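Chemist:
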Amino acid sequence: MRQVVISGTGVFTPDEIITNEELVAAFNKYVDQQNELHADAIAAGEREPLEYSNEEFIYKASGILQRYVMDKSGVLDPNQMYPSLRQRDDDEPGIMAEMAIKAASEALKSAGKTPDQVQAVICAASNHERAYPAIAIEIQDALGIDGFGFDMNVACSSATFGIQAASDMIRSGSADCILIVNPEICSGHLEWRDRDCHFIFGDVCTAIVLETQETATSDNQFEILSTRCLTQFSNNIRNNNGFLRRSRPSGTDDRRDMQFMQNGRLVFKQVVPIVSDMVIQHCQDEGIDPTSLRRMWLHQANKSMNDFIGRKVLGRVPEPQEQPNILQDYANTSSAGSIIAFSQNNQDMAADDLGIICSFGAGYSVGNVIVRKTA
Ligand code: COA
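Take 13 as the starting number for the sequence shown in the numbering used here and just add one per residue.
1) Hey, would you say Ile236 sits closer than 8 Å to Thr21, going by beta carbons?
2) Could you give the distance in angstroms between the alpha-carbon of Thr239 and the alpha-carbon of Ala38?
3) Mapping DSSP to helix, strand and coil, what is Leu119?
4) Could you tell me the alpha carbon to alpha carbon distance between Glu34 and Arg183, rounded to whole angstroms?
5) Could you check the C-alpha separation between Ser65 and Asn32 for me, to the nearest Å?
6) Just the Cα atoms here: how many angstroms apart are Thr386 and Asp364?
7) Leaving aside the five residues before and after Arg205 along the sequence, list all residues of the same chain whose C-beta is less than 7 Å from its C-beta, in chain order.
8) So, for Phe372: in the same chain, excluding its five sequence neighbours on each side, which residues have a beta-carbon less than 7 Å away from its beta-carbon?
9) Taking 8 Å as the CB-CB cut-off, is Ile197 touching chain D?
10) Mind checking whether the beta-carbon of Asp168 lies closer than 7 Å to any heavy atom of the ligand COA?
11) CB of Met290 to nearest heavy atom of the ligand COA: below 7 Å?
12) Report buried or exposed for Tyr376, applying the criterion of at least 16 other Cβ atoms within 10 angstroms of its Cβ.
13) Taking one C-beta from the region 146 to 154 and one from the region 122 to 137 each time, how about it: are there three or more such pairs within less than 8 Å?
14) To the nearest angstrom, report how far apart Ala313 and Asn344 are at their CA atoms.
15) With burial defined as no fewer than 16 other Cβ atoms inside 10 Å of the residue's Cβ, what is the status of Phe9: buried or exposed?
16) Please go through the region 68 to 112 and give each complete beta strand (DSSP E) segment of 3 or more residues, from N-terminal end onward.
17) Answer with buried or exposed for Ser199, where buried requires no fewer than 16 other C-beta atoms within 10 angstroms of its C-beta.
18) Looking only at C-alpha atoms, which of Val216, Gln335, Gly322 sits nearest to Ala109?
19) Which runs of the beta strand (DSSP E) at least 3 residues long sit entirely within the region 139 to 192? Give them in chain order.
20) Ignoring anything shorter than 4 residues or poking outside the region 296 to 333, list the alpha helix (DSSP H) runs there in chain order.
21) Measuring CB to CB, does Glu63 end up less than 8 Å from Arg207?
22) Counting pairs of Cβ atoms below 8 Å between the region 187 to 202 and the region 43 to 58, do you hit three or more?
23) If the criterion is Cβ atoms closer than 8 Å, does the pair Leu120 and Ile175 meet it?
24) Give me the Cα-Cα distance between Arg257 and Val87, rounded to the nearest whole angstrom.
25) Just how far apart, CA to CA, sit Lys114 and Ser122?
26) Quick one: what's got a C-beta closer than 7 Å to Phe272's C-beta in the same chain, skipping five residues either side?
Set out below in structure tokens:
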């Protein structure tokens, strides 16, 4: 069986940052406007007033301090509260392709690969900006890659499921080298007018190069020892937007369920045991003592959630470098989160050190990738 390695990664980070302070100020202005607009209905007891958000709650509940976004002005405008993204011509790169090309160029450079050495592109993300043609094919064309490309979506687990798909394809001989990109424009599906979730997401794009061990020349390689994916249906994270929207009764355009919705507390309670049990079981099935993992690059949704999982898997409180968090800077970037953590925190690993990339989220879905540092 051919051995597969991760030979390069890249991260495209947008230029604009929204701090918690800016976010809360804009949200609270929106609350004032709405409560004034509906003052009569509120006074008559026909409508509940909206409540303020606050920075202390956000940091304490999530560990998030700021997020990067593709457009800050629209999100912070209390009369809009969503990003303004320019409509592009069909003849120019779409916004997801543009982000992905930047992340991919960095990943290819770090892997020491040129586009002619890549045979496939997978665009694995929580949302895709159009139905077709696949974003992956647009990226493939822009980079000058022969072969094939396709899009896939497993929400927050898209990247790890993409790694499993790519690594299986390389093992079986369908391709020698595959580029995976995860352009996540979470600001587009987040309901910025809902204080329960308005702080959660940010935008980013990650890219990963996977190839056979024989072809890899990078000086920073991680052998993929084993992957494992699990899905279990749940409505606790859901978005009802989709291509049948036009066929439904009018008035659906601005309906709450056309954006991200979640029962955060229940997600926390249900997902933590599924993930920690799965990581422990997966390691044991591979003959690996989970406490010997040098690093856990976990999905970046909530710091306390990661602390719980790290403690359960290692049997003690992990040192910060053993379970790096990036969500204080990036917030939740859906499938890209664990890949940013991996990309920014793997250079100090020694040969034969073991680690796990682990994602979890809507579906529910959980994806594990156990790696060993080689070169
Ligand atoms: N500012 C101030 N108060 C807020 C607030 C805000 N922005 N948002 C919610 N609150 C209030 C709530 O109304 C609630 O008030 P109540 O006790 O009077 O009812 C209280 O704070 C607690 O809210 P709750 O939603 O239960 O907080 P929490 O501690 O569960 O934290 C999450 C919320 C979303 C951060 C947390 O549940 C979480 O991260 N869950 C996991 C989600 C996840 O991983 N999802 C995957 C997404 S891809």
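Glycine included, every Cβ here is placed at the ideal spot set by N, Cα and C. Here the structure is a predicted model, which is why all the values come from computation and not from measurement.
Modeler: The answer reads as follows:
1) no
2) 42 Å
3) Per the sequence shown, residue 119 should be read as Ala rather than Leu. Ala119 falls in the helix class under three-state DSSP.
4) 48 Å
5) 10 Å
6) 6 Å
7) Tyr42, Met93
8) Cys168, Ser169, Val283, Val287, His311, Val378
9) This model lacks chain D altogether, as it is built from one protein chain only.
10) A quick correction: the sequence has Cys, not Asp, at residue 168. Within the cutoff, so yes.
11) no
12) buried
13) yes
14) 5 Å
15) In the structure displayed, the chain extends from 13 to 387; residue 9 sits before or after that span and is not available.
16) 78 to 81
17) buried
18) Val216
19) 160 to 164
20) 315 to 326
21) yes
22) no
23) no
24) 23 Å
25) 13 Å
26) His201, Leu202, Glu203, Cys209, Asn251
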